[in-house]
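Number of protein chains: 2
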Amino acid sequence: MPDHDHDHVIAATFAPHDHRECAHRALDEAAARLAEQGARLTPVRRRTLEILLESHRAMGAYEVLDRLAAEGFGRQPPVAYRALEFLVTHGLAHRLQRLNAFAACLHPGHDHHPAFLICRSCDKVAEAAAAPIRDALTAVAAQGGFRVERATIEALGLCATCAAEGVA
Amino acid sequence: MPDHDHDHVIAATFAPHDHRECAHRALDEAAARLAEQGARLTPVRRRTLEILLESHRAMGAYEVLDRLAAEGFGRQPPVAYRALEFLVTHGLAHRLQRLNAFAACLHPGHDHHPAFLICRSCDKVAEAAAAPIRDALTAVAAQGGFRVERATIEALGLCATCAAEGVA
DNA sequence: AGCGATGCGTTACTTTATTACAATGCGGTT
DNA sequence: AACCGCATTGTAATAAAGTAACGCATCGCT
Ligand SMILES: [Zn+2]
Ligand SMILES: [Zn+2]
Ligand SMILES: [Zn+2]
Ligand SMILES: [Zn+2]
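Keeping their order, the protein sequence lines are chains R and L.
In this text, residue positions in the first sequence follow numbering that gives the first Met the number 0: the first is 0, and each later residue adds one.
In this text, residue positions in the second sequence follow numbering that gives the first Met the number 0: the first is 0, and each later residue adds one.
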């Protein structure tokens, strides 16, 4: 994906859009990616991803678990945690540290560790290109002799849509 | 503090140093800062800060609580959480989202929200200048119409000291 | 001394996450 | 088919992290 698409991705997340298509495409990409890797998209895993894909919000593990249990899957925490961990490991979902929650990845297959933009008004989460940010972090760290291996970058703020609606 | 001092700060955290002096100075600065603000550095609060200042590691709330309880303070979670929250609010300690833990601020009085560098080998945590990183994040977000209000920037990696000791 | 605000301690509880183990199902081999 | 090994799913039980609610002591002020 070319870099300039990321602007679009952020806007597309927060602005009204055909989300059914949005979710459907993400699910297809996820399935394709797993097939490549020889990993299995079992019913619980698929359903977990679908649940995350219902909105652009992040969901807590127990919120996901309630949904799964209601649909006949197991009702114990490991059921949700395992499915979520699988999705995260395979790059199909992300974990948000600030929220203790998980969000579906909207464009998997591009092995990435993005920066997250969390709107405090509508709670939606967008992924932003982390490269320039990570570069700045890596540079600052390198000056102190520190080698960055993994970075957590999460921003809380206000999205354009909510701002336009007059949210302070 | 001039910006170039930050390099020093990172190195000083991970390299062997006179930590007694290091902690003592941070405590003095903290007390001075609170006096300015008219906030009270009560015994629990002071002791909590001292405990955090014993090392450059981040500590969980319950780890702090155990220490406080052993020294005659209350043994219920709110005791630790309140003291820690007070310190964070007044800029004397930081919360690390990735770790669910708290670390003393080493140079309070400069109202800052730094980036954190966490060494996966020695567990020490250093504060790095967040300005350039935050700028990059703000710019990326702005292109998508998102206004960043608070940023969480935490890096996991290897410090110079551990690298020099041959840790992979 | 009287009074309101702050701080500290407790009990009780919620939310989040992990460990351990049993049962099932699925591929590949014999 | 019968067998094995392994991934997967389910359960119970427990740990770890965080919050709510309330009473009492203490501080700062009038
Ligand atoms: Zn969508
Ligand atoms: Zn919004
Ligand atoms: Zn030190
Ligand atoms: Zn180290």
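No residue lacks a Cβ here, since even glycine has one placed at the ideal position from N, Cα and C.
Since the structure is predicted, the reported quantities are computational estimates derived from the model, not experimental observations.
Straight-line measurement puts the Cα of residue 122/R at about 16 Å from the Cα of residue 165/R.
Residues lining ligand 4 by the Cβ criterion, that is a Cβ closer than 7 Å to any of its heavy atoms, are 13/L, 118/L, 120/L, 121/L, 123/L, 157/L, 158/L, 160/L and 161/L in chain order.
For residue 100/R, not one C-beta of chain L is nearer than 8 Å to its own C-beta. The three-state secondary structure of residue 93/R, taken from DSSP, is strand. Bridge pairing for residue 152/L: 152/R [DSSP]. Near ligand 3, meaning a Cβ closer than 5 Å to any of its heavy atoms, lie the following residues in chain order: 18/L and 21/L. At the C-beta level, residue 47/L and residue 86/L come within 8 Å of one another.
In the assembly as shown, residue 7/L is an exposed residue. Its beta-carbon has fewer than 16 other beta-carbons within 10 Å. Residues of chain L with a Cβ closer than 9 Å to the Cβ of residue 105/R do not exist; the shortest Cβ-Cβ separation is about 13 Å.
Counting only Cβ-Cβ distances below 9 Å, residue 59/L has no contacts in chain R at all, with the closest Cβ about 15 Å away. The beta carbon of residue 33/L lies closer than 6 Å to those of 40 in the same chain, with the five residues before and after it left out. Taken through DSSP and simplified to helix, strand or coil, residue 147/L comes out as strand.
Contact between residue 116/R and residue 140/L holds: their C-beta atoms lie close to 5 Å from each other, under 8 Å. Membership of residue 51/R in the alpha helix (DSSP H) is indicated by the continuous run 42 to 52. Distance from the CA atom of residue 67/L to the CA atom of residue 126/R, rounded to whole angstroms, is 41 Å.
Contact check for residue 104/R and residue 93/R: beta-carbon distance about 6 Å, within the 8 Å limit, so the pair qualifies. Taking C-beta atoms as the reference points, residue 150/R and residue 133/R count as a pair closer than 8 Å. DSSP places residue 33/L in the uninterrupted alpha helix (DSSP H) bounded by 18 to 36. Comparing C-alpha distances from residue 84/R to each of 70/R, 71/R, 63/R and 72/R shows the shortest one belongs to 63/R. For the stretch 148 to 163 of chain L, the set of positions with a beta-carbon nearer than 9 Å to some beta-carbon of chain R reads 148, 149, 150, 151, 152, 153, 154, 155, 156, 157, 158, 159, 160, 162 and 163 in chain order.
Taking 7 Å as the cut-off, the C-beta of residue 55/R counts as close to a heavy atom of ligand 1. When DSSP states are grouped into helix, strand and coil, residue 78/L belongs to the helix group. The beta carbons of residue 60/L and residue 101/L sit about 7 Å from each other, so the pair counts as a contact at 8 Å. Considering only beta carbons, the part of the stretch 71 to 103 of chain R lying closer than 7 Å to chain L consists of 96 and 97, in chain order. In this structure, the C-beta of residue 23/R stays at least 7 Å away from each heavy atom of ligand 1.
Taking C-beta atoms as the reference points, residue 26/R and residue 52/R count as a pair closer than 8 Å.
Contact annotation: residue 10/L and residue 144/R have beta-carbon atoms nearer than 8 Å.
Remark: the shortest separation between the CB of residue 7/L and any heavy atom of ligand 1 does not fall under 7 Å.
Distance from the CA of residue 20/L to the CA of residue 13/R, rounded to the nearest whole angstrom, comes to 50 Å. Looking only at 79/R, 119/R and 131/R, the smallest Cα-Cα distance to residue 49/R is reached by 79/R.
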